[in-house]
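Since the structure comes first, as C-alpha cells, the remarks are kept for the end.
There are 2 protein chains.
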Amino acid sequence: MLPEENVLFRGVSREECRRMMSCFKPEIRKFTAGSIIADFCEPSDKIGIMLSGNAVMVRYDINGVRTIIEALGEQSIFGEYFTFSGAQRNSIEIVAESDCEIMFMHQSEITKRCENACQCHSRVVENLLMLMSEKAISLSERIEVLSQRSIGDKLLSCLKIFEDKTPNGQVPQIPFSTTALSDYLCVNRSALQREMTKLKSEGLLTMSKRKFRLIRRDEDEI
Amino acid sequence: MLPEENVLFRGVSREECRRMMSCFKPEIRKFTAGSIIADFCEPSDKIGIMLSGNAVMVRYDINGVRTIIEALGEQSIFGEYFTFSGAQRNSIEIVAESDCEIMFMHQSEITKRCENACQCHSRVVENLLMLMSEKAISLSERIEVLSQRSIGDKLLSCLKIFEDKTPNGQVPQIPFSTTALSDYLCVNRSALQREMTKLKSEGLLTMSKRKFRLIRRDEDEI
DNA sequence: ACTCCCTTGTTGCAATTGCAACAGACTTTT
DNA sequence: AAAAGTCTGTTGCAATTGCAACAAGGGAGT
Numbered sequence: 001m002l003p004e005e006n007v008l009f010r011g012v013s014r015e016e017c018r019r020m021m022s023c024f025k026p027e028i029r030k031f032t033a034g035s036i037i038a039d040f041c042e043p044s045d046k047i048g049i050m051l052s053g054n055a056v057m058v059r060y061d062i063n064g065v066r067t068i069i070e071a072l073g074e075q076s077i078f079g080e081y082f083t084f085s086g087a088q089r090n091s092i093e094i095v096a097e098s099d100c101e102i103m104f105m106h107q108s109e110i111t112k113r114c115e116n117a118c119q120c121h122s123r124v125v126e127n128l129l130m131l132m133s134e135k136a137i138s139l140s141e142r143i144e145v146l147s148q149r150s151i152g153d154k155l156l157s158c159l160k161i162f163e164d165k166t167p168n169g170q171v172p173q174i175p176f177s178t179t180a181l182s183d184y185l186c187v188n189r190s191a192l193q194r195e196m197t198k199l200k201s202e203g204l205l206t207m208s209k210r211k212f213r214l215i216r217r218d219e220d221e222i
Numbered sequence: 223m224l225p226e227e228n229v230l231f232r233g234v235s236r237e238e239c240r241r242m243m244s245c246f247k248p249e250i251r252k253f254t255a256g257s258i259i260a261d262f263c264e265p266s267d268k269i270g271i272m273l274s275g276n277a278v279m280v281r282y283d284i285n286g287v288r289t290i291i292e293a294l295g296e297q298s299i300f301g302e303y304f305t306f307s308g309a310q311r312n313s314i315e316i317v318a319e320s321d322c323e324i325m326f327m328h329q330s331e332i333t334k335r336c337e338n339a340c341q342c343h344s345r346v347v348e349n350l351l352m353l354m355s356e357k358a359i360s361l362s363e364r365i366e367v368l369s370q371r372s373i374g375d376k377l378l379s380c381l382k383i384f385e386d387k388t389p390n391g392q393v394p395q396i397p398f399s400t401t402a403l404s405d406y407l408c409v410n411r412s413a414l415q416r417e418m419t420k421l422k423s424e425g426l427l428t429m430s431k432r433k434f435r436l437i438r439r440d441e442d443e444i
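Chains as they are written, first to last, in the working numbering: chain A, 1 to 222; chain B, 223 to 444.
Have a look at this one:
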C-alpha cells in the first residue's frame, strides 16, 4: 500500500500529500513475520501506522506470562503516546504476525505549526484525531471484555465484538489461535478450552479453527 | 472554572477564545452529586469536558453487576466517540460523584472547516488531540490493571498507577471507597478485602481510608 | 442519643480458574 | 518420510476467587 493511500491522508490530494511528506519526514520500514517492530524501551513521540500486515502488541511480565494487549491490523496506529508503558517491571513489544510495512513519523512533526504552510496540514491532524478516536474505542472494547467476571462471559463478549466487525456475508473469525486468545483474554488456556467446549455442548457456539458462529438464545430472557 | 481556562483552549488568547465560542456553541451544565450526567442511549458526537468535580463512568450488566469503567476528574474528557457502547445488553452511564460543571460540544463543530476562519481553530484541534492521547493512555493503564491474573496483582498495579500520579509530597490515595475499588478491579469485594489484609500483613502495603502507601521490596528480586 | 444506611472487615463453603501433564492433530523442516 | 515443533483438547488436583452472611464502625439526619 502506498503511504499516500493511508487513512491519515484521506481527503488530501495526491500532489499535496507528496509535498507534505517533506514536512512529516515519514520513515517506511518493512518487517518479516516474527520480528520485533517496536519495543518501548526509550521514550519517543514516534507513531507507527500499519500500511500492510498484522501485528500484536504483547507484554511479558516478570514471570514470563504473556499478555496480548492489542491486535493490530491494516491502518492501525500505535505509539508510546497512546500506550501506557510506565511499568518498568514488564516489557511491551510489538511483534509482526505476518510480513508488515509500517510508516513511522513523529507526532510533533504532525502537530507543530508548519513552516511550509501546507494547506492540508490541518486535514491530516483531523484524520489523526479520527484514528485516535478509533483507537480509544478499541481500547474501550478491550476493557469491556476484560471487565467480564467469568471466562465464559469474557469469551462471549470478545467474540461478539469480532462478530460485529465482520462484514456482511462473511463468517466471523478471530485473529488469533486459541492459545493466543487465552493470552488476549488474560486467562489460562486450558480453562478457556474447557469453557469453549462447554459453550459448544450447550449449543451457544460453533467454532472450527479461527472461524466461529454465535447462536443467540434471546428467548432465555423472557 | 471558566471554560476559557480549559486545557482545550491552552495557547489560545482569551479574546480569540471568546470568539471561538460562537463556533463551537458549547453548552455548559451543572450537575449535583449523584445525578446522571450522561447515558449513552442515543448515538451522538457530543463530547464532554469536566470543568470541575468528579464523576465515574459505570456499567450495569444484565445481572445488575456494576463495573466502574473509568474515574473522571477535572479536565477529563468523555464521549461516545471514545467509548464503546455497542453492547445493547448493558447500560453505560456517567454519574456525578460530587457537584460537577461540564462543557458539552459537538466534535463535528470542532473538527469541521471553520467559516469564521478562526486563527486558532487548529490549535484547539491539536489540544483535543493531546486530550485524546491522554485518554488513550489512561485506557491503556486500565487494561494494564485488568490484565493482571490475580486480585493481588490487580490491586498492586492499580495502586502503583495512582501512586505515580500523586504529586510529590502528597500521600497517594484512591478516588474510591474499597467497595467501589472492587467494582473498578472487576473482582469480588470480600476477596479484594482478603487480599488487602494479606498484603498488609506481609508488610507490602499500608492503607487507611483512601490513603495508602506501597512498600517496595526490591531486594526480593536479587 | 438514636436510627438508618452504607462501608469495612471477617469467615466458611462452593464454584471457578489455574496448573501440569499427556495424547493426538497439524505444520514445517530436514 | 521422519522429526521437531506448535497447537488443540482433556483431565485430576490445587489454588484462587466468589458468595452469603454477619458483626462492627462511621456519617447524616432527626
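A virtual CB, placed ideally from N, CA and C, is assigned to each residue, including glycine.
Residues of chain B whose Cβ lies closer than 8 angstroms to the Cβ of A/Val-125 are, in chain order, Ser-344, Val-347, Glu-348 and Leu-351. In the three-state reduction of the DSSP assignment, B/Thr-333 falls in the helix class, which pools H, G and I. Inclusion of A/Cys-158 and A/Val-171 in the CB contact set at 7 angstroms is not warranted, their separation being larger than that value.
B/Met-327 places its beta carbon less than 7 angstroms from that of B/Pro-248. Around the beta carbon of B/Arg-240, a 10 Å sphere encloses fewer than 16 other beta carbons of the protein chains shown; the residue is thus reported as exposed.
Among the bridge pairs identified by DSSP, B/Arg-251 is matched with B/Ile-324. Annotation for A/Ile-151: the continuous alpha helix (DSSP H) segment containing it runs 151-165. Legend: CB atoms of the stretch 404-418 of chain B lying less than 7 angstroms from CB atoms of chain A belong to residues Cys-408. Here A/Glu-15 carries a helix assignment [DSSP, helix/strand/coil].
If you draw a straight line from the Cα of A/Asn-6 to the Cα of A/Leu-51, it comes to about 7 angstroms. Under the three-pair Cβ rule at 8 angstroms, the stretch 261-277 of chain B does not count as touching the stretch 341-349 of chain B.
Along the stretch 129-156 of chain A, the positions whose C-beta sits under 7 angstroms from a C-beta of chain B are Leu-129, Met-132, Ser-133, Lys-135, Ala-136, Ile-137, Leu-139, Ser-140, Glu-141, Arg-142, Ile-143, Glu-144, Leu-146, Ser-147 and Arg-149, read in chain order.
With respect to the 7 angstroms criterion, A/Ser-147 and B/Thr-289 are classified as neighbours on the basis of their beta carbons. The Cβ atoms of B/Val-278 and B/Ala-260 lie no closer than 7 angstroms to each other. For A/Cys-100, the number of other beta carbons within 10 angstroms of its own is at least 16, and it is reported as buried. Your pair B/Phe-262 and B/Ile-314 checks out as a contact, with CB atoms roughly 5 angstroms apart and the cut at 8 angstroms. Comparing C-alpha distances from B/Lys-431 to each of B/Ser-362, B/Glu-424, B/Thr-400 and B/Arg-416 shows the shortest one belongs to B/Thr-400. Closest option to B/Arg-416, judged by alpha-carbon separation, among B/Ser-372, B/Leu-361 and B/Asp-283: B/Ser-372. Residues Glu-363 of the same chain have their beta carbon placed closer than 6 angstroms to that of B/Ile-383, with the five preceding and five following residues left out of the count. Residue nearest to A/Met-103 within the set A/Leu-214, A/Leu-8 and A/Lys-200 is A/Leu-8 (criterion: CA-CA distance). Secondary structure of A/Glu-42 (DSSP, three-state): coil.
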